[in-house]
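One structure below.
And the structure:
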């Protein structure tokens, strides 16, 4: 059988997409028995690090649209991980429950194990370089066209 060449192999966007797909699939497997999707886990972790934040603030921090945040927060509340209290006349503050803090701790532990599988395959300094460069790429995509 002939090995096909792929003209996209030298393209940054293609490589980022393929790497992201591999990492997200591995993360989903790592979290599977917790019955939490990656977006739910990241939401849980952001709320844990920012007690009394609003749903809008969490959505902005994670670049999740309001319409998509509603079911995420609802599911986390239904599972007893997040509590909502009235912050003022219009908004609600989100906090983790005791059960939510335990789940966030477990998820953090699993995320660390997941990332270690990849980080250990990279040379010293490569992870730091990636972490320094990727926000720049994200920022370019977030700039309004002008």
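Residue numbers (our numbering): 2 to 147.
For every residue, glycine included, the Cβ atom is placed at its ideal position computed from N, Cα and C.
Predicted, not measured: the structure shown is a model, and the values here were computed from it.
Within 9 Å, strictly: CB atoms of residue i and residue j
i, j, result
"residue 104", "residue 45", "yes"
"residue 29", "residue 65", "no"
"residue 74", "residue 85", "yes"
"residue 59", "residue 51", "yes"
"residue 31", "residue 91", "no"
"residue 118", "residue 34", "no"
"residue 115", "residue 24", "yes"
Limits of the unbroken beta strand (DSSP E) element including residue i
i, result
"residue 57", "Here residue 57 belongs to no beta strand (DSSP E); instead the alpha helix (DSSP H) covers 56-63."
"residue 96", "93-97"
"residue 84", "83-87"
Own chain residues within Cβ distance below 6 Å of residue i, not counting five before or after
i, result
"residue 38", "none"
"residue 88", "94"
Whole-number beta carbon distance between residue j and residue i, since they are thought to touch under 8 Å
i, j, result
"residue 94", "residue 53", "4 Å"
"residue 63", "residue 47", "6 Å"
Distance, residue j Cα to residue i Cα
i, j, result
"residue 136", "residue 108", "23 Å"
"residue 68", "residue 57", "10 Å"
"residue 18", "residue 7", "15 Å"
"residue 133", "residue 70", "28 Å"
"residue 61", "residue 139", "14 Å"
"residue 130", "residue 16", "16 Å"
Limits of the alpha helix (DSSP H) - the one that residue i falls within
i, result
"residue 44", "39-50"
"residue 69", "67-79"
"residue 31", "13-32"
Same chain, Cβ closer than 8 Å to residue i, five either side skipped, listed in chain order
i, result
"residue 198", "Absent from the model: residue 198. The displayed extent of the chain is 2 to 147, so no value can be given."
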